[in-house]
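In our numbering, the protein residues as written are 14 to 472.
Idealized CB from N, CA, C, for every residue including glycine.
Working notes, structure below.
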Amino acid sequence: MAKKLNSKIWPATAEEKNGVISLGGCSVIDLASEFGTPAFILDEADFKARALQWRTNVENSFGANAGITYYAAKAFISREIARWVSEAGLGLDVCTGGELAVAMAANFPSERIEMHGNNKSEAEISEAIDYRVGVIVLDSFQEIDRVARTAHTKGVVQKVLIRLTPGVEAHTHHAISTAHEDVKFGFSIASGAAWDAVLATTRHESLQLQGFHAHIGSQIFVTDAFETSAARLIGMLARYKKEFGSELPELDLGGGYGIAYTEKDDPISPEVMLSNLASIVAKECEKNEISIPQISIEPGRAIVGPSMITLYEVGTTKDVQLEDGSTRWYVSVDGGMSDNIRPGLYDAEYSIELANRDSKAELRRARIVGKHCETGDIVIRDVDVPSDIVPGDLLATPATGAYGRSMASNYNHMVRPPVISVHNQKARIIIRRETHADLLALEMDDAPRPLPSAEKGHI
Ligand SMILES: Cc1ncc(COP(=O)(O)O)c(C=O)c1O
């Protein structure tokens, strides 16, 4: 009998039978032999269900005031994902020309695209406006002028949000906390920059200010930081009403909703998180005597994170004597920091399971490491796994869908792994494995040539 795996950290269709893990009805043994390892395996049904669940919960919690649920493309994007997101009725948050290019290649409905980024180039702004993206989130004074100028030149009135820094310390790793004062994102409310940004934006006829945005950080488990942030943003909406005599229609509360990477993580469900946010928004709007605006959010990790696993093959195992006389057991897999940089970047913790067979062996404490030339190339620092793991075994790491493939690198000239989508006992490649030829194709045997100023005799 197949046994369901803990759906807190595994995709909904993950099962185990005689020690073999399967996803979408496809066994990891088949997946590894067909597509190789390391590989990201994506549970299509799980992704689609989560996307829909977030959108539906926004609609249930905010009712007539439900705005767009934007899927944050940075967590993981491909054309196919963009299509699923669109079909589920969500919007798409993109923050570079590259992410926008994927959206355009998927014919993503432009009015449901939100363009982010703290340093958008002229070219990115121009492309976004040409594609008629629904909204651009303004992040600096230079950018207000840039977007205004570009929109004016194209004869367009562009809807914009202003990204605010509400001065909130989210309870998460400092590198993914984004709304305290000392960050590169947005305009600080406390320093007055935020209000100056409102004045600067409203001076331009080519910009239509819709409201405010804040993203306080990622992997957040509690609502208190959202509460403070929403209160400060709503304070700004109230100030706008007081000074301009009209109301701004939109408030975007960002993403950052936490997920479980290990059994000890206890995230709040979307239902609870969103109904808490809805009460906070209603209370603050009432207090500030403004109407409740359209509320949009931008979950990334909470949608794709739990939908994907990484499948590795064990290459070597090694006992290492430590100075204190104890032994550390190193288990090396065929990927590592090039497919999952999060442990190195944020000390992120993951779980791992032997995936290709049953084992009755005692558990043994192991350090699961990758194959890169870095001591910090750790997949999981300390984990108890069957002591009979040997080269050739498959290991599966759940909850690697967000910021895994999307942050993957070619360090050590490793090729980036494929993303294989599984559904109803069928598997298909949605992103193929890179090849050495792909990497070598970037190299040029170009002849040296003078640059323009040298040609003009200026140097
Ligand atoms: C502006 C913005 N929105 C949304 C997100 C998505 O965050 P998460 O994937 O944690 O939901 C991020 C992540 O960095 C972000 O910067």
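By the three-class DSSP mapping on this structure, what secondary structure does residue 211 have?
In this structure, residue 211 counts as helix in the three-state DSSP scheme.
Within 10 Å of its beta-carbon, does residue 134 have 16 or more other beta-carbons around it, so buried, or fewer, so exposed?
That one is exposed.
Look at the alpha carbon of residue 23 and the alpha carbon of residue 234, and state the distance between them as a whole number of angstroms.
Computed Cα separation, rounded: 18 Å.
Select from 402, 368, 369, 357 the residue whose C-alpha is nearest the C-alpha of residue 378.
The shortest Cα separation from residue 378 among 402, 368, 369, 357 belongs to 402.
Would you call the CB atoms of residue 429 and residue 440 closer than 9 Å?
Not closer than 9 Å, so no.
Looking at ligand 1, does it come within less than 8 Å of residue 11, judged from the CB to the closest heavy atom?
Since the displayed the chain opens at 14 and closes at 472, residue 11 lies outside it and no answer follows.
May I ask whether a heavy atom of ligand 1 can be found less than 8 Å away from the beta carbon of residue 137?
Answer for residue 137: no, Cβ out of range of ligand 1.
Which two residues bound the contiguous alpha helix (DSSP H) that contains residue 117?
Residue 117 -> alpha helix (DSSP H) spans 110-118.
Could you check the C-alpha separation between residue 27 and residue 312 for me, to the nearest Å?
Distance between the alpha carbons of residue 27 and residue 312 is about 23 Å.
Out of 168, 290, 381, 79, state which residue places its alpha-carbon closest to the alpha-carbon of residue 331.
Here the closest residue by C-alpha is 381.
With DSSP collapsed to three states, give me the class of residue 226.
Residue 226: strand per DSSP, three-state reduction.
Assuming contact is defined by CB atoms lying nearer than 9 Å, are residue 323 and residue 348 in contact in what I supplied?
Going by C-beta atoms, residue 323 is nearer than 9 Å to residue 348.
Determine, using beta carbons only, whether residue 119 and residue 137 come nearer to each other than 9 Å.
No.
Would a C-beta distance cut-off of 9 Å place residue 7 and residue 227 closer than the cut-off?
Since the displayed the chain opens at 14 and closes at 472, residue 7 lies outside it and no answer follows.
Kindly examine ligand 1 and report whether one of its heavy atoms sits closer than 8 Å to the Cβ of residue 25.
Incorrect: residue 25 has no Cβ contact closer than 8 Å to ligand 1.
Just mark residue 217 as buried or exposed, buried being the case when its beta carbon has 16 or more other beta carbons within 10 Å.
Result: buried.
Could you tell me which whole alpha helix (DSSP H) segments of length 4 or greater appear in the stretch 28-55?
Entirely contained in the stretch 28-55, the alpha helix (DSSP H) runs reaching 4 residues are, in chain order, 41-48.
Run the proximity test for residue 66: is its beta-carbon closer than 8 Å to any non-hydrogen atom belonging to ligand 1?
No, the beta carbon of residue 66 sits no closer than 8 Å to any heavy atom of ligand 1.
Which residue from 166, 131, 399, 268 puts its Cα closest to that of residue 317?
Nearest of 166, 131, 399, 268 to residue 317, Cα basis: 268.
Quick one: is residue 470 buried, meaning 16 or more other Cβ sit within 10 Å of its Cβ, or exposed?
Exposed, by the Cβ-count rule.
Quick one: Cα of residue 60 to Cα of residue 271, how far?
Approximately 16 Å between the Cα atoms of the pair.
Given 8 Å as the limit, tell me if residue 314 has its C-beta closer than that to any heavy atom belonging to ligand 1.
Answer for residue 314: yes, Cβ within range of ligand 1.
Which class does residue 63 belong to by DSSP, given the choice of helix, strand or coil?
DSSP places residue 63 in helix when its eight states are reduced to three.
Tell me which residue opens and which closes the alpha helix (DSSP H) that residue 493 is part of.
Residue 493 is absent from the model: the chain starts at 14 and stops at 472.
Roughly how many whole angstroms lie between the Cα atoms of residue 38 and residue 423?
Looking at the two C-alpha atoms, the distance is approximately 31 Å.
Just to confirm the assignment: which complete alpha helix (DSSP H) runs, minimum length 4, are found wholly within the stretch 257-331?
Runs of the alpha helix (DSSP H) inside the stretch 257-331: 283-300, 314-317.
Could you work out which residue in 374, 409, 386, 360 is closest to residue 394 when comparing CA atoms only?
Of 374, 409, 386, 360, the residue nearest in Cα terms is 360.
Which residues in the same chain have their Cβ closer than 7 Å to the Cβ of residue 160, if we skip the five residues on either side of it in sequence?
Excluding positions up to five away in sequence, the list reads 138, 149, 151, 171, 173, 220.
With DSSP as the reference, label residue 255 as helix, strand or coil.
Correct three-state label for residue 255: helix.
Write down the C-beta distance between residue 224 and residue 301 rounded to the nearest angstrom, noting that I regard them as a contact closer than 8 Å.
About 14 Å; that fails the 8 Å criterion.
Just the C-alpha distance for residue 5 and residue 266, rounded to the nearest angstrom, thanks.
With the chain represented from 14 up to 472, any question about residue 5 goes unanswered, as that position is not in the structure.
Considering only C-alpha positions, which residue in the set 385, 282, 364, 155 is nearest to residue 130?
If we check each option's Cα against that of residue 130, 155 comes out closest.
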